[in-house]
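Taking it in order: structure first as structure tokens, then the write-up.
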Amino acid sequence: MRSRGSQNRLSGYSSFGSRVSALMLAMLATMSTIYVAGRLWQDAENRAYLMEQLKKRTTQGQSAVSVDDTLKIIECREQRKKLSSLEMQLSAAKQESFVTKKLPGNGRKQPTKKVLAVIGIMTTFGRKKNRNAIRKAWMPTDTAMKTLADQKGITVRFVIGKSANRGDSLDKEIETESSQTDDFIILDNQVEAPEEKAKKIKSFFIYAVDKWDAEFYLKANDDVYVNVDALGGVLTSYLDKPRVYIGCMKSGEVFSDPTHQWHEPDWWKFGDGRSYFRHASSDVYVISKALAQFISINRHILRTYAHDDVSTGSWFIGLDVMHGHYVQQYDDAATDNMRGCINIDIMYSKR
């Protein structure tokens, strides 16, 4: 049996041990706090140092301090370049009818001699007879082609895409013909197919405005004979109009029946009356440089409809564009073929 004194001593030792344990825990907690605070301070200091070094090396053109930081710097620089380019385009757009003088990414040297018009004759595979007929009738060849460009500022080319089966006999025939005549625009990134007509027109304008600095760009079918002499006079009268769309303006019924020849998949967008808005007949029409540049700049967001002429007209809806309407009916048979459109000042016959 323990005495009361022994019990008191044991109780004292227990209390003393508890105080010592509490003190030790407090000391450990304090040291841990100091350690964590030190590490946080050190990390903050390191981050500040790294940011300072990153800034110095970036401004001095040296490598960044890490791969991750390097990627971030590259991304920021690319964004700054894009922003700078957009700001330049916006500034030019305010001065020149919503378009730039020179499109981004255009590395080609533009011709020093001013071009009045570029005529793109839409053709396709198996239409060599049509092309030869046009060459004999009104389209100059060889040295006469250069003379037309030099003296009247008019450049003429046949426009065609590539076969869906790249490099097949169809492509080779066109390449052979082109090597002999040197009067083709071959759109490498455009498939030549009936359902691709609207996209082909857009591709032509994009290519032409990048290749030639012309006042106007004309689209014609390969069964249309263009009156080049009269065309020059008509276009000259529009030189003071920055945004002009010239052709035989017409409308037409929108067909929702999928079995119909002229079926429009987006028929429901044209209202209850199902009538197309005014647009130039697909046979031949002209757009000014500003509109061609607008198409090129906005190529990725301009949609196409079932018909190429409707598609072109849709791109100018909502823009401040002058519609130059040219029509004179003088041949009933031809009028029927062209659905009421004869651009007598631009073309003089159609086969």
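Residues in the sequence shown are numbered consecutively from 10, following this note's numbering.
The C-beta atom is built at its ideal place from N, Cα and C for all residues, glycine as well.
Let me know if residue i comes out buried or exposed under the rule of 16 or more other beta-carbons within 10 Å of its beta-carbon.
i, result
"Arg5", "Absent from the model: residue 5. The displayed extent of the chain is 10 to 360, so no value can be given."
"Ser297", "buried"
"Ala146", "exposed"
"His316", "buried"
"Thr321", "buried"
"Ile148", "Residue 148 is actually Met in this sequence, not Ile. Buried, since its Cβ has 16 or more Cβ neighbours within 10 Å."
"Ser290", "buried"
"Leu244", "buried"
"Gln88", "exposed"
"Arg140", "buried"
"Asp197", "exposed"
"Ser188", "exposed"
"Met154", "buried"
"Ala217", "buried"
Have a look at residue i and residue j and give me their C-alpha separation to the nearest angstrom.
i, j, result
"Thr164", "Thr150", "11 angstroms"
"Lys259", "Lys211", "20 angstroms"
"Phe264", "Ile326", "21 angstroms"
"Lys209", "His309", "14 angstroms"
"Leu248", "Glu205", "32 angstroms"
"Lys161", "Asn307", "30 angstroms"
"Gly241", "Glu201", "30 angstroms"
"Phe225", "Asp318", "17 angstroms"
"Lys137", "Asp219", "27 angstroms"
"Lys123", "Pro203", "34 angstroms"
"Glu186", "Lys171", "14 angstroms"
"Arg252", "Leu227", "14 angstroms"
"Asp232", "Glu273", "24 angstroms"
"Leu300", "Phe286", "18 angstroms"
"Lys181", "Thr190", "14 angstroms"
"Trp221", "Pro267", "40 angstroms"
"Leu179", "Ala173", "10 angstroms"
"Arg175", "Asp329", "40 angstroms"
"Gln199", "Asp177", "15 angstroms"
"Met33", "Met40", "10 angstroms"
"Leu92", "Gln302", "20 angstroms"
"Thr152", "Ala142", "18 angstroms"
Where does the unbroken alpha helix (DSSP H) through residue i begin, and where does it stop?
i, result
"Glu186", "178–190"
"Arg144", "137–146"
"Ala301", "298–306"
"Lys211", "206–220"
"Thr133", "Run containing Thr133: none; DSSP gives neither H nor E here."
"Lys161", "151–161"
Quick check on residue i: does DSSP put it in helix, strand or coil?
i, result
"Met258", "strand"
"Val74", "With a pLDDT of only 48 at Val74, under 50, the local geometry of the prediction cannot be trusted, and the value read off the model is given with reservation. Coil, per DSSP."
"Asp317", "helix"
"Leu92", "helix"
"Ala389", "The chain is shown from 10 up to 360; residue 389 falls before or after that span and cannot be answered."
"Asp249", "coil"
"Gly327", "coil"
"Ala239", "helix"
"Leu311", "coil"
"Val293", "strand"
Near residue i, which residues of its chain fall below 8 angstroms by C-beta distance, leaving aside the five closest residues on each side in sequence?
i, result
"Ala229", "Ile128, Gly129, Ile130, Met131, Val235, Asp292, Val293, Met356"
"Ile183", "Phe134, Ile169, Phe193, Ile195"
"Leu125", "Lys161, Gly162, Ile163, Ala223, Glu224, Phe225, Gly241, Leu244, Thr245"
"Arg166", "Val127, Ile128, Gly129, Ile130, Asp192, Phe193, Ile194"
"Leu157", "Pro149, Ile163, Thr164, Val165, Val237"
What does a CB cutoff of less than 6 angstroms around residue i pick up in its chain, not counting 5 residues either side in sequence?
i, result
"Ile2", "Residue 2 lies beyond the range of the chain shown here (10 to 360); nothing can be said about it."
"His3", "For residue 3 there is no data in the structure shown, the boundaries of the chain being 10 and 360."
"Phe213", "Gly129, Val168"
"Met331", "Lys250, Val253"
Looking at the C-beta of residue i, does it have a partner C-beta in chain D at a distance below 8 angstroms?
i, result
"Arg175", "The question asks about chain D, but that chain is absent: this structure has only one protein chain."
Along the beta strand (DSSP E) that carries residue i, what are the first and last residues, could you check?
i, result
"Leu227", "223–230"
"Val235", "233–235"
For the ligand PLP, is there a heavy atom less than 7 angstroms away from the beta-carbon of residue i?
i, result
"Arg287", "Among the components of this structure there are no ligands whatsoever, and the ligand PLP is therefore not found."
If I measure Cβ to Cβ from residue i and keep anything under 7 angstroms in the same chain, skipping five residues before and after, which residues do I get?
i, result
"Ile215", "Ile304, Ser305, Arg308"
"Trp324", "Ile304, Leu311"
"Tyr314", "Ala207, Glu273, Asp275, Ser320, Ser323"
"Arg144", "Thr150"
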